[in-house]
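**Student:**
Residue numbers (the UniProt record's numbering): 1 to 264.
#1: Mapping DSSP to helix, strand and coil, what is residue 262?
#2: Taking Cβ positions, are residue 86 and residue 59 nearer each other than 8 Å?
#3: Can you tell me the Cα-Cα spacing of residue 205 and residue 253, whole angstroms?
#4: For the segment 212–219 against the segment 174–188, do three or more pairs of beta-carbon atoms, one drawn from each stretch, fall closer than 8 Å, so that the two count as touching?
#5: In the DSSP assignment, the beta strand (DSSP E) including residue 137 goes from what residue to what residue?
#6: Just checking, does the segment 73–80 make contact with the segment 152–159 on the three C-beta pairs under 8 Å criterion?
#7: Taking the alpha-carbon of residue 130 as reference, which of 120, 142, 122 and 116 has the nearest alpha-carbon?
#8: Please give me, in chain order, every unbroken run of the alpha helix (DSSP H) with length at least 4 that falls completely inside the segment 167–243.
#9: When you compare only the Cα positions, how much space is there between residue 262 and residue 249?
#10: Assuming residue 247 contacts residue 141 (C-beta within less than 8 Å), just tell me the rounded distance between them.
#11: If we count Cβ pairs, one from each stretch, closer than 8 Å, do we get three or more for the segment 81–98 versus the segment 44–63?
#12: Indicate whether residue 146 and residue 168 have their beta-carbon atoms separated by less than 8 Å.
#13: Report all residues from its chain with a CB closer than 7 Å to the CB of residue 277; omit the five preceding and five following residues, and keep chain order.
#14: How many Å lie between residue 240 and residue 193 at the Cα?
#15: Below 8 Å on the Cβ atoms is my contact criterion, and I expect residue 56 with residue 21 to pass it. Report the Cβ-Cβ distance as a whole number of Å.
#16: Does residue 244 pass the burial test, meaning 16 or more other C-beta atoms within 10 Å, or should it be called exposed?
#17: Could you spell out where the beta strand (DSSP E) holding residue 77 opens and where it closes?
#18: Leaving aside the five residues before and after residue 121 along the sequence, list all residues of the same chain whose C-beta is less than 7 Å from its C-beta, in chain order.
#19: Which value, in whole angstroms, describes the spacing of the CA atoms of residue 48 and residue 38?
#20: Quick one: Cα of residue 225 to Cα of residue 78, how far?
#21: Quickly, what does DSSP pair residue 30 with across the bridge? List them, please.
#22: When the distance is taken between beta carbons, is residue 200 closer than 8 Å to residue 28?
#23: Grab me the residues of residue 228's own chain with a C-beta within less than 8 Å of its C-beta, minus the 5 sequence neighbours each way, in chain order.
#24: Since residue 46 is in the beta strand (DSSP E), which residue starts that stretch and which ends it?
#25: Report yes if the C-beta distance between residue 52 and residue 113 is below 8 Å; otherwise report no.
This is the structure in C-alpha cells:
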C-alpha cells in the first residue's frame, strides 16, 4: 500500500540524523559516486602513512572503512554526538578522536603528520593544514563542489545569486592551497546524478545536511513539501546533481637549514 504524505514525513522527522551514515536512504534515494573512489584512494594512502590526521571525521564511518590505519591515527570532530560515535567506532582500531571546534589553530604541533585527509569538510583552513604537515607530506580530500544539489536548494529557497552558486569552486581551493605554500598535484571535478524517490527521503536529507536549506523544518516548508510529494508521485523521482572534487596537495621538502615545521 502506498504510504501517505503525512506518514512519510512523520517517519523522516522521527529518525535520528546523527553521524554521517546515509544508509537510511537505501531504496529511497540514490547518488552517483565519483569515479576516483575516495574511500579506496584514502585507504591506500593510510596504509603507507606513519602518522595521519582525519579532519572533520563526522561519526568516523569513512575512516573506519580503511583496511589498515597507520601507527599514529588521529581524527577531529566538532559536534558532540559525532565525537561520541566516532570514539566508539575508532578507538577499537587504535585511533584517537579529538574534540575540536573546526577553527584554527588545529590542536597539534607543526609537522606532526605525513598525511592529512578529510571527506566533505565544511571549512578548510589551508594554513593550518600546511603547518601540521611534515615536509613531503600530503593532504587528500574529497569536497563538495559548487551549486551541489541546488535543484533541491532552489526549489525551497528560490534562485540563488551567482556568488552563492559559485562557492566551493575547485579552482578557489587550488588557489588557497597554493597561497598556503602547498603544491596541488591532483584536482578532479565531477557532476553526479542524484534522485529522491519519496518525500521522506527529501525531509531526511535536509534534516541531516543542515547547510542546504538553513533552518529547515517541515512546518515551515509543509506546503512546498506537499507540492513536491505530489510531483514525485505523478512524474517520478526528483532529480538533482551533486558536485564533488578531489584535491591532493603536497608540502615541499625543507630546504637546507630551514626548520622542518615551517611552511615553505
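Backbone N, C-alpha and C fix where the C-beta goes; we use that ideal spot for every residue, glycine too.
**Tutor:** According to the structure data:
#1: As a working note, residue 262 is residue 262 in the chain shown. Its pLDDT being 34, under 50, residue 262 is placed unreliably in this model, and the coordinates cannot settle the point.
#2: One-based indexing of the chain shown puts residue 86 at position 86. One-based indexing of the chain shown puts residue 59 at position 59. For the pair residue 86 and residue 59, the CB atoms are nearer than the 8 Å cut-off.
#3: Taking the first residue of the chain shown as position 1, residue 205 is located at position 205. Taking the first residue of the chain shown as position 1, residue 253 is located at position 253. If I take the Cα positions, the gap works out to 43 Å.
#4: No: the two stretches stay apart, fewer than three of their Cβ pairs being nearer than 8 Å.
#5: The residue labelled residue 137 in the question sits at position 137 within the chain shown. According to the DSSP assignment, residue 137 belongs to the beta strand (DSSP E) that extends over 133–144.
#6: Three or more beta-carbon pairs separated by less than 8 Å are not found between the segment 73–80 and the segment 152–159, which leaves the two stretches without contact.
#7: Sequence index remark: in the chain shown, residue 130 carries index 130 (1-based). Per the Cα distances, 116.
#8: Runs of the alpha helix (DSSP H) lying entirely within the segment 167–243 and spanning at least 4 residues, in chain order: 170–179, 199–208 and 222–235.
#9: On the chain shown, residue 262 is found 262 positions in, with the first residue counted as 1. On the chain shown, residue 249 is found 249 positions in, with the first residue counted as 1. Because the pLDDT at residue 262 is just 34, under 50, the model does not fix this residue reliably, and the value given afterwards should be weighed accordingly. For residue 262 and residue 249, the gap between their C-alpha atoms comes out near 16 Å.
#10: In the chain shown, residue 247 corresponds to position 247, counting from 1. In the chain shown, residue 141 corresponds to position 141, counting from 1. That belief holds up - the Cβ atoms of residue 247 and residue 141 are roughly 5 Å apart, short of 8 Å.
#11: Touching, yes.
#12: Here residue 146 corresponds to residue number 146 of the chain shown, with the count starting at 1. Here residue 168 corresponds to residue number 168 of the chain shown, with the count starting at 1. Yes, these two residues count as a Cβ contact at 8 Å.
#13: It is not possible to answer for residue 277, since the shown part of the chain is limited to 1 through 264.
#14: By 1-based counting over the chain shown, the position of residue 240 is 240. By 1-based counting over the chain shown, the position of residue 193 is 193. A straight line joining the alpha-carbon of residue 240 with that of residue 193 spans about 6 Å.
#15: As a position in the chain shown, residue 56 is number 56, starting the count at 1. As a position in the chain shown, residue 21 is number 21, starting the count at 1. Not really, about 15 Å apart at Cβ, beyond 8 Å.
#16: Here residue 244 is taken as the residue at index 244 of the chain shown, counted from 1. Counting Cβ neighbours within 10 Å, residue 244 comes out buried, since at least 16 surround it.
#17: Stepping through the chain shown from its first residue, residue 77 is reached at position 77. Residue 77 -> beta strand (DSSP E) spans 72–77.
#18: Residue 121 sits at position 121 when you count from the first residue of the chain shown. Taking C-beta separations shorter than 7 Å and ignoring five residues to either side along the sequence, the partners of residue 121 in its chain run 55, 56, 141 and 143, following chain order.
#19: Residue 48 sits at position 48 when you count from the first residue of the chain shown. Residue 38 sits at position 38 when you count from the first residue of the chain shown. For residue 48 and residue 38, the distance between alpha carbons rounds to 16 Å.
#20: As a working note, residue 225 is residue 225 in the chain shown. As a working note, residue 78 is residue 78 in the chain shown. If I take the Cα positions, the gap works out to 31 Å.
#21: Position 30 of the chain shown, counting from 1, holds the residue named residue 30. Under the DSSP definition of a beta bridge, residue 30 partners with 195.
#22: The residue labelled residue 28 in the question sits at position 28 within the chain shown. The residue labelled residue 200 in the question sits at position 200 within the chain shown. Going by C-beta atoms, residue 28 is nearer than 8 Å to residue 200.
#23: In the chain shown, the residue the question calls residue 228 occupies position 228. Annotation for residue 228: 155, 199, 202 and 238 place their beta carbon closer than 8 Å to its own, counting only its chain and skipping 5 residues before and after.
#24: By one-based count along the chain shown, residue 46 stands at place 46. Counting along the chain, no beta strand (DSSP E) covers residue 46; the unbroken alpha helix (DSSP H) around it starts and ends at 38–48.
#25: Taking the first residue of the chain shown as 1, we reach residue 52 at position 52. Taking the first residue of the chain shown as 1, we reach residue 113 at position 113. With respect to residue 113, residue 52 sits close: the two C-beta atoms are nearer than 8 Å.
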